[in-house]
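Yeah, the sequence shown ends on 550 if you go by our numbering, and it's all consecutive.
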Amino acid sequence: MAAAVAGAGAGELTAALAAPSSSPFAVIGGALIDAAPTWVKDLMIEWFGTADKIALAVLIAVVLALVAAWAGWAEFRRPPSGAVVAVAFGAVAAVVALLRETGDPLPFLPGIVAGAIAGGAIHFLVGMLRPRPPRAGTEASDLPNRRAFFAWTAVAAVGGAIAVVAANAARAGSRAITTVRDALVLPSPAATAPPVPAGAELGIDGLAPVVTPNADFYRIDTALVVPSIDPADWSLRIHGMVEEEVVLTWDELLALPLRETTVTLSCVSNDVGGSLIGNARWLGYPIRDLLARAKPTADADMVLSRSSDGFTAGTPLEALTDDRDAILAIAMNDEPLPPEHGFPVRMVVPGLYGYVSATKWVVDLEVTRFDQARAYWTDRGWSARGPIKLQSRIDVPRRGRQVAAGETVIAGMAWQPHTGVEGVEVQIDGGDWQSATLATAISDDTWVQWSLPWTAQPGEHTLRCRAISTDGETQTSDTAPPAPDGATGWHEVRVTVAS
């Protein structure tokens, strides 16, 4: 175990100093995410929500600890088998880092260093547990070796822990990106977003705010280590099936006439009634105007966006060239994008689930075709186009809560970005559907609050809601899981009304 800590520490420190995106821990975790079946990923998100990465990190640590213990036992029984296992793990991390296109100049180095240090430490430490050949006239004794073993084990463990701390400190220092971000002065928008209407907030306790604070905005992505990009080094390349390749730098982006837009984003993994959804005011530049510079060919129908860590999303070309506010965003709720939400630049596309549109840390747009390229999630069985489905949920009262008898309220949210919500209906205990009062929506690209007065009678009650879109569609009662193109069904809440 101490050898594993030493190897891990050495690998993390090497990554922090020479290959920030190629941490052995992160690349192995990324490979596990890539290889995991869809149902496993859905289960992780269902169980842990936005804490799924923490859960994965704990799982990886437990697995590595078990492997390290087994390697130590193997080394004692048949040297150097345990050391070979450690070196092999490092080699695997190095190869995975090479294949993941991290953008680091030496992505393989942290894995090689981690494997070499762990393997050498296992061989050295376990070797101390074996009795040395007796000298002439003496009996074999392993006592001195055991003392040395415990001493050197402590050195390895403490050294590895110090290396991990140093790696984190080095990352914090090298990421003066936070300092750069905090010092950024956002340009004034050429076009401002409509203000939040006075009637948009119903003022009901427990109801989600219309504009989601950055700190509360959901985060679902594949990055175990948040990419650290200096805006001065950022650029975007637009290429593929275009007449003219376009390269855009950070300074060039800031010099363009930026516009504000308020857009609700949703994760395709969001269950009916789930919280993997948020609404924010974004500042950015229309992607359609950049694509107009590149001049896509007539037979192109998809844009494959790529993040700095290699994630890809396939977006219908028409969704990036029609009249919707699809933008390259640099700001979120009046401040530069938070690092975990894509700093310095991300995509925001109204009406599409994030897995096909909301690429964070975006650095590349390839104009192509759906029949010629496959993105990260579509390559794993998810639908290619991903329009957000009409949905609604009940926020008040919460599931399982006890409600006081008498006059109260049922309230929640409804959404179908780029289409809009016309109304919401509520059903109580299987009775007739009742029309709820709809708050004023900011726009058709955002979610909207709704409420219904309720005279609550003592006992157990079942509440359901459904939305009606501006094009006349009624939210379906058909129940479907998130995979492959978004969950459907009516949100149902069971509550107890106290007598």
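Cβ atoms here follow ideal geometry from the backbone N, Cα and C, with glycine treated the same way.
Applying the criterion that 16 or more other CB atoms from any shown protein chain within 10 Å of the CB defines a buried residue, is residue i buried or exposed?
| i | result |
| --- | --- |
| lysine 346 | exposed |
| asparagine 633 | With the chain represented from 52 up to 550, any question about residue 633 goes unanswered, as that position is not in the structure. |
| glutamate 311 | buried |
| aspartate 193 | Low confidence applies here, because aspartate 193 scores a pLDDT of 45, under 50, leaving its location unreliable and the question unanswered by this model. |
| glutamine 442 | buried |
| threonine 263 | buried |
| glutamine 500 | buried |
| aspartate 133 | In the sequence on display, residue 133 carries glycine and not aspartate. Flag for glycine 133 reads buried. |
| isoleucine 79 | buried |
| glycine 325 | buried |
| glutamine 528 | Reading the sequence as shown, one finds serine at residue 528 and not glutamine. So serine 528 counts as exposed. |
| valine 91 | exposed |
| alanine 61 | buried |
| tryptophan 466 | buried |
| serine 486 | exposed |
| valine 453 | Reading off the sequence, residue 453 comes out as glutamine, not valine. With fewer than 16 other Cβ atoms within 10 Å, it is exposed. |
| glutamine 423 | exposed |
| phenylalanine 201 | exposed |
| valine 314 | buried |
When DSSP builds the beta bridges, which residues end up paired with residue i?
| i | result |
| --- | --- |
| proline 390 | In the DSSP output, where bridge partners are listed per residue, proline 390 has none listed. |
| glycine 335 | Arg310, Ala380 |
| aspartate 415 | Arg288, Arg357 |
| leucine 403 | Pro438 |
| tryptophan 484 | Gln478 |
| threonine 204 | DSSP, once it has assigned bridges, lists no residue as partnering threonine 204. |
| serine 317 | Ile328 |
| arginine 444 | Met464 |
| arginine 397 | Ala380 |
| alanine 455 | Ala549 |
Could you check the C-alpha separation between residue i and residue j for me, to the nearest Å?
| i | j | result |
| --- | --- | --- |
| histidine 290 | valine 418 | 6 Å |
| proline 468 | alanine 380 | 17 Å |
| tryptophan 484 | serine 520 | 16 Å |
| glycine 160 | threonine 65 | What sits at residue 160 in the sequence shown is leucine, not glycine. Roughly 7 Å separates the two Cα atoms. |
| valine 472 | aspartate 376 | 18 Å |
| glycine 178 | tryptophan 121 | 15 Å |
| alanine 69 | methionine 353 | 36 Å |
| leucine 489 | asparagine 219 | 48 Å |
| valine 544 | serine 239 | 44 Å |
| leucine 355 | leucine 371 | 11 Å |
| threonine 229 | tryptophan 333 | 19 Å |
| alanine 207 | alanine 266 | 38 Å |
| proline 532 | alanine 538 | 5 Å |
| valine 135 | alanine 82 | 21 Å |
| valine 546 | alanine 426 | 42 Å |
| aspartate 103 | aspartate 272 | 10 Å |
| aspartate 350 | valine 460 | 53 Å |
| alanine 474 | valine 118 | For the record, residue 474 in the displayed sequence is glycine; it is not alanine. Answer to the nearest angstrom: the Cα atoms are 56 Å apart. |
| alanine 108 | phenylalanine 394 | 23 Å |
| glutamate 476 | threonine 497 | 19 Å |
| glycine 335 | alanine 382 | 7 Å |
| glutamate 391 | proline 88 | 25 Å |
| proline 195 | alanine 112 | Confidence in proline 195 is poor, its pLDDT being 49 and thus under 50, which makes the residue's placement too unreliable to answer from. |
| valine 319 | proline 504 | 31 Å |
| glycine 402 | threonine 470 | 7 Å |
Is any heavy atom in the ligand SAM found nearer than 8 Å to the beta carbon of residue i?
| i | result |
| --- | --- |
| alanine 251 | Here there are no bound small molecules, and the ligand SAM is not part of this structure. |
Complete beta strand (DSSP E) runs within the region 491-528 (minimum length 3 residues, chain order):
Correct list: 499-507, 510-520.
Length at least 4, wholly inside the region 244-305: the alpha helix (DSSP H) runs in chain order
The DSSP assignment places no complete alpha helix (DSSP H) segment of no fewer than 4 residues inside the region 244-305.
Please specify which runs of the alpha helix (DSSP H), each continuous and at least 4 residues long, are wholly inside the region 104-179, giving them in chain order.
The region 104-179 contains these whole alpha helix (DSSP H) runs: 132-150, 160-178.
Take every Cβ of the region 290-301, pair it with every Cβ of the region 432-449, and state whether three or more of those distances are shorter than 8 Å.
Segments in contact, no.
I want to know whether the region 420-440 touches the region 233-252 - three or more CB-CB distances under 8 Å.
In short, these stretches do not touch, since the Cβ pair count stays below three.
Check whether the region 164-171 and the region 133-143 are in contact - that is, three or more C-beta pairs closer than 8 Å.
They touch, by the three-pair rule.
Any 3 or more C-beta pairs closer than 8 Å across the region 332-341 and the region 302-309
Because the criterion of three Cβ pairs below 8 Å is met, the region 332-341 and the region 302-309 touch.
Looking at C-beta atoms only, is the number of pairs between the region 196-212 and the region 274-283 that lie closer than 8 Å three or more?
These segments do not touch.
What are the start and end residues of each continuous beta strand (DSSP E) run of 3 or more residues lying completely inside the region 59-93, in chain order?
Note on the region 59-93: there is no whole beta strand (DSSP E) run with a minimum of 3 residues.
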